[in-house]
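Please read the structure below before turning to the comments.
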Amino acid sequence: MKINKILNLNILIFFVICNFNYGQAPNLRSASGFALFTSEGGIINVGNSFITGDIGTAKGLVKDFSTGVVIGRLQIEDPNSKQTVDDIDFAFKFIDNLVCDVDLVSTLGSHQNLTPNIYCIHSDAILTGDLILDGRGDTNAIFIFKIQGGFTSEAFSNIKMIHGASLWNVYWLMNGEVILGENSVFRGTVITNGPIDLLESATLLGRGLTSKGRVTLNNNIII
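Residue numbers for the sequence shown, in the working numbering: 196 to 418.
Shown next, in the form of C-alpha coordinates:
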(Lines of atoms letter the chains of each structure in order from A; the text may use other names.)
(Lines give C-alpha, C1' and ligand atoms only; values in the text may rest on other atoms or scores of the structure.)
Protein backbone atom coordinates (compact mmCIF):
# COMPACT_ATOMS: atom_id res chain seq x y z
CA MET A 196 0.00 0.00 0.00
CA LYS A 197 2.80 2.38 0.95
CA ILE A 198 4.70 1.51 -2.24
CA ASN A 199 1.59 2.24 -4.33
CA LYS A 200 1.24 5.65 -2.70
CA ILE A 201 4.87 6.45 -3.44
CA LEU A 202 4.45 5.34 -7.06
CA ASN A 203 1.30 7.42 -7.45
CA LEU A 204 3.07 10.44 -5.96
CA ASN A 205 6.00 10.02 -8.34
CA ILE A 206 3.64 9.78 -11.32
CA LEU A 207 1.83 12.93 -10.19
CA ILE A 208 5.12 14.81 -9.81
CA PHE A 209 6.20 13.64 -13.26
CA PHE A 210 3.06 15.00 -14.90
CA VAL A 211 3.26 18.27 -12.97
CA ILE A 212 6.85 18.76 -14.14
CA CYS A 213 5.93 17.95 -17.74
CA ASN A 214 2.97 20.31 -17.68
CA PHE A 215 5.09 23.03 -16.10
CA ASN A 216 7.71 22.64 -18.81
CA TYR A 217 5.07 22.88 -21.52
CA GLY A 218 3.35 25.79 -19.78
CA GLN A 219 6.12 28.36 -20.10
CA ALA A 220 4.48 30.45 -22.82
CA PRO A 221 4.36 34.16 -21.97
CA ASN A 222 1.07 35.99 -21.63
CA LEU A 223 1.22 38.57 -24.42
CA ARG A 224 -1.89 40.35 -23.13
CA SER A 225 -2.75 43.28 -25.41
CA ALA A 226 0.14 42.43 -27.74
CA SER A 227 -1.53 39.17 -28.79
CA GLY A 228 -3.75 40.89 -31.36
CA PHE A 229 -0.88 42.58 -33.19
CA ALA A 230 0.80 41.21 -36.28
CA LEU A 231 3.42 43.97 -36.04
CA PHE A 232 4.17 46.39 -33.22
CA THR A 233 7.00 48.67 -32.20
CA SER A 234 7.10 50.52 -28.91
CA GLU A 235 9.38 53.18 -30.36
CA GLY A 236 9.84 53.50 -34.11
CA GLY A 237 7.99 53.61 -37.40
CA ILE A 238 6.48 50.89 -39.56
CA ILE A 239 7.34 51.44 -43.22
CA ASN A 240 6.04 49.39 -46.13
CA VAL A 241 7.23 49.03 -49.72
CA GLY A 242 4.99 47.32 -52.27
CA ASN A 243 1.99 45.04 -51.87
CA SER A 244 2.39 43.62 -48.40
CA PHE A 245 -0.51 41.58 -46.99
CA ILE A 246 -1.07 41.61 -43.23
CA THR A 247 -3.66 39.86 -41.08
CA GLY A 248 -3.79 41.41 -37.62
CA ASP A 249 -3.34 44.84 -36.09
CA ILE A 250 -0.25 46.95 -36.67
CA GLY A 251 0.82 49.76 -34.41
CA THR A 252 3.39 51.92 -32.70
CA ALA A 253 3.40 53.83 -29.44
CA LYS A 254 5.86 56.38 -30.81
CA GLY A 255 6.32 56.74 -34.54
CA LEU A 256 4.58 56.66 -37.91
CA VAL A 257 2.96 53.98 -40.04
CA LYS A 258 3.76 54.78 -43.67
CA ASP A 259 3.19 53.70 -47.26
CA PHE A 260 0.43 51.12 -46.87
CA SER A 261 -1.65 52.59 -49.70
CA THR A 262 -0.63 49.68 -51.94
CA GLY A 263 -0.76 47.03 -49.22
CA VAL A 264 -3.62 45.22 -47.48
CA VAL A 265 -4.10 45.25 -43.71
CA ILE A 266 -6.93 43.11 -42.34
CA GLY A 267 -6.86 44.68 -38.91
CA ARG A 268 -6.60 48.02 -37.17
CA LEU A 269 -3.91 50.68 -37.29
CA GLN A 270 -3.12 51.69 -33.71
CA ILE A 271 -0.82 54.69 -33.57
CA GLU A 272 0.06 56.40 -30.29
CA ASP A 273 -3.32 55.55 -28.76
CA PRO A 274 -4.09 54.27 -25.22
CA ASN A 275 -4.02 50.62 -26.31
CA SER A 276 -0.63 51.00 -27.97
CA LYS A 277 0.77 52.51 -24.78
CA GLN A 278 -0.49 49.49 -22.80
CA THR A 279 1.08 47.19 -25.37
CA VAL A 280 4.49 48.73 -24.61
CA ASP A 281 4.22 47.46 -21.03
CA ASP A 282 2.92 44.07 -22.12
CA ILE A 283 5.81 43.51 -24.55
CA ASP A 284 8.27 44.46 -21.81
CA PHE A 285 6.54 41.97 -19.50
CA ALA A 286 6.75 39.18 -22.08
CA PHE A 287 10.41 39.97 -22.82
CA LYS A 288 11.39 39.80 -19.16
CA PHE A 289 9.32 36.66 -18.59
CA ILE A 290 11.10 34.74 -21.36
CA ASP A 291 14.48 36.22 -20.47
CA ASN A 292 14.16 34.80 -16.94
CA LEU A 293 13.37 31.26 -18.09
CA VAL A 294 16.06 28.65 -17.50
CA CYS A 295 17.54 27.08 -20.63
CA ASP A 296 17.01 23.38 -21.31
CA VAL A 297 19.39 23.10 -24.27
CA ASP A 298 22.22 25.27 -25.60
CA LEU A 299 22.52 25.52 -29.38
CA VAL A 300 25.26 26.72 -31.70
CA SER A 301 24.74 29.94 -33.61
CA THR A 302 23.65 28.35 -36.91
CA LEU A 303 20.18 26.81 -37.08
CA GLY A 304 18.64 24.83 -39.92
CA SER A 305 20.07 22.51 -42.57
CA HIS A 306 17.19 20.07 -41.87
CA GLN A 307 17.75 20.30 -38.11
CA ASN A 308 14.91 18.70 -36.11
CA LEU A 309 14.06 20.13 -32.68
CA THR A 310 11.52 19.00 -30.09
CA PRO A 311 9.71 21.15 -27.46
CA ASN A 312 12.24 22.84 -25.16
CA ILE A 313 13.68 26.15 -24.05
CA TYR A 314 16.69 26.68 -26.32
CA CYS A 315 19.48 29.22 -25.83
CA ILE A 316 22.02 30.67 -28.24
CA HIS A 317 24.64 32.85 -26.55
CA SER A 318 25.47 34.99 -29.58
CA ASP A 319 24.01 36.27 -32.83
CA ALA A 320 22.16 33.53 -34.72
CA ILE A 321 21.48 32.62 -38.33
CA LEU A 322 18.93 30.31 -39.96
CA THR A 323 19.89 28.52 -43.15
CA GLY A 324 17.82 25.98 -45.06
CA ASP A 325 15.03 24.18 -43.19
CA LEU A 326 14.47 24.10 -39.43
CA ILE A 327 11.92 21.47 -38.38
CA LEU A 328 9.97 21.86 -35.13
CA ASP A 329 8.50 18.52 -34.06
CA GLY A 330 5.58 18.67 -31.62
CA ARG A 331 5.67 14.90 -31.03
CA GLY A 332 1.89 14.73 -31.26
CA ASP A 333 1.28 17.43 -28.63
CA THR A 334 -0.61 20.42 -30.04
CA ASN A 335 0.19 22.37 -26.85
CA ALA A 336 3.94 21.82 -27.09
CA ILE A 337 5.95 24.99 -26.44
CA PHE A 338 9.14 25.98 -28.24
CA ILE A 339 11.12 28.92 -26.86
CA PHE A 340 14.34 30.29 -28.34
CA LYS A 341 16.44 32.77 -26.36
CA ILE A 342 19.05 34.43 -28.55
CA GLN A 343 21.59 36.75 -26.93
CA GLY A 344 22.15 38.75 -30.08
CA GLY A 345 20.63 39.60 -33.42
CA PHE A 346 19.06 37.13 -35.84
CA THR A 347 19.17 36.63 -39.60
CA SER A 348 17.29 34.11 -41.70
CA GLU A 349 18.89 33.46 -45.07
CA ALA A 350 17.05 33.71 -48.37
CA PHE A 351 14.65 30.79 -48.97
CA SER A 352 15.09 29.45 -45.43
CA ASN A 353 12.01 27.87 -43.89
CA ILE A 354 10.74 26.88 -40.45
CA LYS A 355 8.50 23.83 -40.75
CA MET A 356 6.06 22.46 -38.17
CA ILE A 357 5.30 18.75 -37.87
CA HIS A 358 3.45 16.30 -35.61
CA GLY A 359 1.07 18.82 -34.05
CA ALA A 360 3.48 21.70 -33.49
CA SER A 361 1.73 25.08 -33.68
CA LEU A 362 3.32 28.35 -34.75
CA TRP A 363 1.33 30.09 -32.00
CA ASN A 364 3.34 28.13 -29.42
CA VAL A 365 6.72 29.17 -30.79
CA TYR A 366 8.48 32.19 -29.24
CA TRP A 367 11.72 33.83 -30.31
CA LEU A 368 13.42 36.24 -27.90
CA MET A 369 16.11 38.28 -29.68
CA ASN A 370 18.56 40.89 -28.44
CA GLY A 371 19.20 43.01 -31.50
CA GLU A 372 18.14 43.41 -35.10
CA VAL A 373 16.00 40.73 -36.74
CA ILE A 374 16.35 40.27 -40.51
CA LEU A 375 14.11 37.86 -42.41
CA GLY A 376 15.72 37.06 -45.74
CA GLU A 377 14.24 37.22 -49.22
CA ASN A 378 11.58 34.57 -49.89
CA SER A 379 12.11 33.05 -46.45
CA VAL A 380 9.29 31.62 -44.31
CA PHE A 381 9.52 32.27 -40.58
CA ARG A 382 7.08 30.90 -38.00
CA GLY A 383 6.44 32.05 -34.45
CA THR A 384 6.26 35.18 -32.33
CA VAL A 385 9.33 37.41 -32.49
CA ILE A 386 10.00 39.56 -29.42
CA THR A 387 13.07 41.75 -29.70
CA ASN A 388 14.63 45.01 -28.57
CA GLY A 389 15.91 46.01 -32.00
CA PRO A 390 14.67 46.70 -35.54
CA ILE A 391 12.72 44.11 -37.53
CA ASP A 392 13.42 44.03 -41.27
CA LEU A 393 11.51 41.79 -43.66
CA LEU A 394 13.36 41.64 -46.95
CA GLU A 395 11.56 41.24 -50.28
CA SER A 396 8.87 38.53 -50.33
CA ALA A 397 9.69 37.20 -46.86
CA THR A 398 6.76 35.62 -45.01
CA LEU A 399 6.18 35.88 -41.26
CA LEU A 400 3.59 33.45 -39.93
CA GLY A 401 3.16 34.78 -36.42
CA ARG A 402 3.99 38.17 -34.91
CA GLY A 403 6.78 40.71 -34.96
CA LEU A 404 7.02 42.70 -31.71
CA THR A 405 9.83 45.06 -30.76
CA SER A 406 10.41 47.33 -27.80
CA LYS A 407 12.65 49.64 -29.80
CA GLY A 408 13.32 50.09 -33.48
CA ARG A 409 11.72 50.39 -36.88
CA VAL A 410 9.78 47.69 -38.71
CA THR A 411 10.32 47.62 -42.47
CA LEU A 412 8.38 45.61 -45.05
CA ASN A 413 8.93 44.85 -48.73
CA ASN A 414 6.15 42.91 -50.47
CA ASN A 415 5.68 40.63 -47.48
CA ILE A 416 3.01 38.35 -46.05
CA ILE A 417 2.33 38.47 -42.30
CA ILE A 418 -0.42 36.22 -41.00
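Even glycine gets a Cβ: it sits at the ideal position worked out from N, Cα and C.
### Query
Apart from the five residues just before and just after F285, which ones in its own chain have a Cβ nearer than 8 Å to its Cβ?
Close CB contacts of F285 within its chain, under the 8 Å cut and outside five residues either way in sequence, are with P221, N222 and R224 (chain order).
### Query
Between which two residues does the alpha helix (DSSP H) carrying F285 extend?
For F285, the enclosing alpha helix (DSSP H) starts and ends at P274 to D291.
### Query
Three-state secondary structure (DSSP) at N413?
In the structure shown, N413 falls within a strand segment according to DSSP collapsed to helix, strand and coil.
### Candidates N388, S406 and I417, of which the one nearest E395 by Cα
For the residues N388, S406 and I417, the minimum Cα distance to E395 belongs to I417.
#### Entry: Per-residue DSSP class, three states only, for F299
Note on residue identity: the sequence assigns Leu, not Phe, to residue 299. Correct three-state label for L299: coil.
### Task
Please report how far the alpha carbon of F351 lies from the alpha carbon of E235, in whole angstroms.
Their Cα atoms are separated by approximately 30 Å.
### Query
Rounded to a whole number of angstroms, what is the C-alpha to C-alpha distance between N388 and D281?
Taking the straight line joining both Cα atoms gives about 13 Å.
### Query
With a CB to CB cut of under 8 Å and the five nearest residues on each side skipped, what residues in its chain are close to L293?
Taken in chain order, the residues that qualify are Q219, I313, I339 and K341.
### Query
What residue range is occupied by the uninterrupted beta strand (DSSP E) comprising R382?
Taken as a continuous stretch (DSSP letters only), the beta strand (DSSP E) holding R382 covers V380 to T387.
### Query
For the beta strand (DSSP E) that contains R402, what are its first and last residues?
Unbroken beta strand (DSSP E) run through R402: T398 to T405.
### Task
Enumerate in chain order the residues of its own chain whose CB-to-CB distance from H358 is below 6 Å, with the five nearest sequence positions on each side excluded.
Here the set comprises D329, G330, R331 and G332.
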